[in-house]
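Numbered per numbering that gives the first Met the number 0, the sequence shown spans residues 0 to 665.
All residues carry an ideal CB built from backbone N, CA and C; glycine is no exception.
Only a predicted model underlies this, so the values are computations on that prediction, with no experimental measurement involved.
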Amino acid sequence: MSTALPAGTSDHDALPPPRGSADSTPPRARPAVVPESSLDDPKRIGRILVEDGLLTEEQLSKALRIQSRLEASKPLAALIIELGWVSRPRLETALRRHRRELSVEGILLEKGAITAEQLTAAQETIKAQPGVTPGRHLVELGALSERAYLEAYCEKHDLPFVDADPSIVDPQLLKKVSLRYLARHLALPLSIQDGKLNVLVDDLGKADVVSEMQRLYGCPVSVCIGEARRIRETIEALGTDAESGKRSATRVQYHRLSETGEQGQAAAEIVDHIIARALRDGASDIHVEPMQSKVRVRFRVDGGLVHVTDYPVSYAPSLISRIKVLAQADIAEHRVHQDGRICVNSRGEDIDLRASFYVTVYGENAVLRILRKAKALVGLEEMGLAPATLKVLNDEVLEPTTGIVLVTGPTGSGKTTTLYAAVERLNDESKKIITCEDPVEYVIDGITQCSVASRPGITFVDSLRAIVRQDPDIILIGEIRDHESADMAIQSALTGHKVLSTFHTEDSVGALVRLLEMEIEPFLAASTVTGVLAQRLVRRQCPQCRAEYSPTAAEIKALSLSRDEMAGFSLTKGRGCPHCFYTGYRGRTGVFELLVMHDVLRDAILQKRPAHELRRLAFETPGFVCLQEDGIAKAIRGETTLSEVAENCPRSKTVRPLGRLLELYE
Ligand SMILES: [Zn+2]
Numbered sequence: 000m001s002t003a004l005p006a007g008t009s010d011h012d013a014l015p016p017p018r019g020s021a022d023s024t025p026p027r028a029r030p031a032v033v034p035e036s037s038l039d040d041p042k043r044i045g046r047i048l049v050e051d052g053l054l055t056e057e058q059l060s061k062a063l064r065i066q067s068r069l070e071a072s073k074p075l076a077a078l079i080i081e082l083g084w085v086s087r088p089r090l091e092t093a094l095r096r097h098r099r100e101l102s103v104e105g106i107l108l109e110k111g112a113i114t115a116e117q118l119t120a121a122q123e124t125i126k127a128q129p130g131v132t133p134g135r136h137l138v139e140l141g142a143l144s145e146r147a148y149l150e151a152y153c154e155k156h157d158l159p160f161v162d163a164d165p166s167i168v169d170p171q172l173l174k175k176v177s178l179r180y181l182a183r184h185l186a187l188p189l190s191i192q193d194g195k196l197n198v199l200v201d202d203l204g205k206a207d208v209v210s211e212m213q214r215l216y217g218c219p220v221s222v223c224i225g226e227a228r229r230i231r232e233t234i235e236a237l238g239t240d241a242e243s244g245k246r247s248a249t250r251v252q253y254h255r256l257s258e259t260g261e262q263g264q265a266a267a268e269i270v271d272h273i274i275a276r277a278l279r280d281g282a283s284d285i286h287v288e289p290m291q292s293k294v295r296v297r298f299r300v301d302g303g304l305v306h307v308t309d310y311p312v313s314y315a316p317s318l319i320s321r322i323k324v325l326a327q328a329d330i331a332e333h334r335v336h337q338d339g340r341i342c343v344n345s346r347g348e349d350i351d352l353r354a355s356f357y358v359t360v361y362g363e364n365a366v367l368r369i370l371r372k373a374k375a376l377v378g379l380e381e382m383g384l385a386p387a388t389l390k391v392l393n394d395e396v397l398e399p400t401t402g403i404v405l406v407t408g409p410t411g412s413g414k415t416t417t418l419y420a421a422v423e424r425l426n427d428e429s430k431k432i433i434t435c436e437d438p439v440e441y442v443i444d445g446i447t448q449c450s451v452a453s454r455p456g457i458t459f460v461d462s463l464r465a466i467v468r469q470d471p472d473i474i475l476i477g478e479i480r481d482h483e484s485a486d487m488a489i490q491s492a493l494t495g496h497k498v499l500s501t502f503h504t505e506d507s508v509g510a511l512v513r514l515l516e517m518e519i520e521p522f523l524a525a526s527t528v529t530g531v532l533a534q535r536l537v538r539r540q541c542p543q544c545r546a547e548y549s550p551t552a553a554e555i556k557a558l559s560l561s562r563d564e565m566a567g568f569s570l571t572k573g574r575g576c577p578h579c580f581y582t583g584y585r586g587r588t589g590v591f592e593l594l595v596m597h598d599v600l601r602d603a604i605l606q607k608r609p610a611h612e613l614r615r616l617a618f619e620t621p622g623f624v625c626l627q628e629d630g631i632a633k634a635i636r637g638e639t640t641l642s643e644v645a646e647n648c649p650r651s652k653t654v655r656p657l658g659r660l661l662e663l664y665e
């Protein structure tokens with residue numbers, strides 16, 4: 000690590016030049032940093048993959064040929080993933096290893112944050128502006144967020160990217176320097192650890208400030224990078240704190256209050272801040288990961304990991320210790336994996352955090368899974384079903400008192416949530432509802448729930464046999480997973496019960512095919528299944544940053560759309576903002592495909608027609624809309640995006656007229 004600047008030495012030459020600023024001092028004459036063209040060569044990532052043995056020469060030249068034919072530019076890395084030649088994690092590992100060789104702009108290109116055209120234009124424009132980098136120029140133009148730029152900058156220079164906040168500043172340090180000085184230079188001393196002063200700046204080209212800090216505090220400086228705006232806001236907040244005489248730190252209410260020593264105070268505040276923020280942002284997991292040159296904090300939000308902030312690497316031991324104290328894990332033990340639990344109260348809600356500590360080469364990783372005790376039950380109306388689809392589901396699938404209703408999709412597609420919403424809809428005093436689940440995920444008042452997982456010695460099938468003798472009207476089976484549970488479901492339906500269950504298949508027709516593969520007689524499947532609801536979760540557009548955009552040729556092609564038809568609609572997409580962690584998405588919604596058993600389909604099953612024919616017939620049943628079509632309609636309505644649909648829904652070669660699809664939502 001070379002981020003520590005030894006006191007007294009000017010490290011000017013090692014630092015990139017400052018950007019052109021409106022300061023009173025004229026910018027030093029320095030050559031413009033034009034990214035080394037060979038490094039930003041789009042072919043480079045391909046070469047790296049070939050060198051690493053992940054790609055063959057033939058694959059590389061084929062990928063480059065395809066790339067050159069694409070109408071809209073696409074990063075080579077993205078294309079290679081799409082072609083399925085290298086998986087995303089392997090590609091990212093290879094990239095990380097080689098990123099330090101790339102320029103900041105090269106990293107941004109590979110991440111797809113900027114296009115080659117934007118970069119070329121920026122390089123052209125800044126020729127007359129010494130000291131301005133193309134990346135900075137694109138930030139000034141608003142074509143790139145400062146955060147995206149700085150994150151790439153930190154990757155290049157292997158520095159922590161710190162999301163500034165008062166909790167990370169040691170107040171003792173502020174006694175030596177005026178806030179006005181800090182505000183003028185946008186520099187913030189954070190802490191002294193391991194004999195080094197951690198200083199947060201927005202740009203490495205601040206050698207003067209850095210040497211001033213070294214002189215003031217009498218120790219070498221370790222630099223980290225943050226957004227100018229956040230640094231400014233933090234300095235202002237610290238000023239307000241100083242005036243009011245108290246610290247406006249975020250405090251979290253723990254059920255088991257643990258003592259914090261003088262020394263652990265800073266770490267305690269930072270951990271409080273991380274937990275409070277994760278709860279506020281609706282994260283499901285918190286990852287605190289010590290790495291070679293920083294501690295990275297990421298949240299899982301809406302199913303995906305988002306980078307929240309880094310801390311200087313010297314923070315790792317105290318942060319992990321603090322989390323271990325809270326989780327009642329052994330803080331003296333660093334060599335074995337550990338578990339623990341933290342109970343917090345946030346806005347009147349009791350929340351459990353399940354902690355796990357995993358020993359890595361850089362120290363212990365902490366992951367906190369956030370378990371909300373009162374998991375909110377979502378109503379059918381709020382799931383994102385098109386009004387027309389919801390009506391058919393209610394009237395033709397849920398209303399009949401017998402038959403099997405299947406909710407299907409892969410793991411994490413939200414099918415359990417939908418199943419409970421359906422049960423909640425059917426739940427009234429005149430009906431006996433019994434469940435057999437593995438495990439019980441939501442507790443619903445008025446129904447009899449049994450968790451198979453927590454009852455050793457009782458099998459799924461035992462429970463199903465017992466349920467029938469409990470005189471139920473409606474039976475909920477957590478999941479049909481084998482011939483036996485499928486058979487029980489069918490027998491129950493044949494004896495006049497209504498059965499609801501989930502099934503693990505790609506789409507609605509897949510569920511019928513799967514039942515037949517489980518050696519269920521076609522006439523039994525055809526006469527008992529009343530409807531299959533297939534679903535996926537897609538991310539919602541962020542309401543705070545959505546803006547108009549034109550779909551790319553690749554998106555249009557991937558979804559079998561026609562450019563002419565799409566021209567009739569104006570699409571939107573999130574540009575990325577603090578509210579959505581710069582992803583452009585916030586929250587998720589369902590995409591649905593509801594198959595109602597009609598006579599044509601029943602006959603086809605009885606005649607054991609092949610899967611593709613069942614699928615063709617499904618499209619002919621009234622009101623049937625496939626997952627991809629429902630997704631496209633939602634993208635046009637601004638609820639999600641075409642790329643989310645392409646990524647999450649099974650592809651369908653034909654898409655019916657969009658006007659007709661949108662009628663479902665009227
Ligand atoms: Zn946003």
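With a threshold of 6 Å, establish whether the CB of residue i neighbours any heavy atom of ligand 3.
i, result
"residue 578", "Because ligand 3 does not appear in the structure shown, any question about it cannot be addressed here, the ligands present being ligand 1."
Assign residue i to one of two classes, buried (16 or more other C-beta atoms within 10 Å of its C-beta) or exposed (fewer than that).
i, result
"residue 289", "buried"
"residue 522", "exposed"
"residue 221", "buried"
"residue 239", "exposed"
"residue 28", "Low local confidence applies: a pLDDT of 35 at residue 28 is under 50, so the model's placement there is unreliable, and no value is given."
"residue 643", "buried"
"residue 20", "Reliability fails at residue 20, whose pLDDT of 35 lies under 50, so the model's placement of it is uncertain and no value is given."
"residue 399", "exposed"
"residue 37", "Low per-residue confidence applies at residue 37: pLDDT is 38, beneath 50, and the placement is therefore not dependable enough to give any value."
"residue 471", "buried"
"residue 336", "exposed"
"residue 469", "exposed"
"residue 626", "buried"
"residue 88", "exposed"
"residue 338", "exposed"
"residue 314", "buried"
"residue 233", "buried"
"residue 82", "exposed"
"residue 550", "buried"
"residue 386", "exposed"
Check each candidate in the options and name the one with the smallest Cα separation from residue i.
i, options, result
"residue 227", "213, 189, 163", "163"
"residue 351", "331, 362, 326", "326"
"residue 410", "188, 153, 506", "506"
"residue 370", "285, 330, 206", "285"
"residue 252", "270, 242, 308", "270"
"residue 628", "600, 590, 157", "590"
"residue 536", "658, 167, 638", "638"
"residue 328", "363, 663, 54", "363"
"residue 186", "331, 176, 175, 198", "198"
"residue 168", "181, 174, 177, 188", "188"
"residue 427", "473, 321, 583", "473"
"residue 623", "508, 47, 254, 382", "508"
"residue 564", "607, 632, 614, 525", "632"
"residue 93", "439, 570, 45", "45"
At a cut-off of 6 Å, is residue i close to ligand 1 when judged by its beta-carbon and the heavy atoms of the ligand?
i, result
"residue 637", "no"
"residue 543", "yes"
"residue 141", "no"
"residue 303", "no"
"residue 509", "no"
"residue 134", "no"
"residue 217", "no"
"residue 281", "no"
"residue 573", "yes"
Should residue i be flagged as near chain C, meaning a C-beta pair shorter than 7 Å?
i, result
"residue 484", "No chain C is present in this structure, which holds just one protein chain."
At least three beta-carbon pairs within less than 8 Å, the region 559-571 to the region 428-437 | Counting C-beta pairs closer than 8 Å gives fewer than three between the region 559-571 and the region 428-437, which falls short of the contact rule.
Using 8 Å as the threshold, is the region 453-466 in touch with the region 476-485, meaning 3 or more CB pairs across them?
-> yes
Looking at C-beta atoms only, is the number of pairs between the region 273-281 and the region 185-203 that lie closer than 8 Å three or more?
-> no
Any 3 or more C-beta pairs closer than 8 Å across the region 106-125 and the region 147-156 | yes
Could you say if the region 650-665 and the region 590-609 meet the contact criterion of at least three C-beta pairs nearer than 8 Å?
-> no
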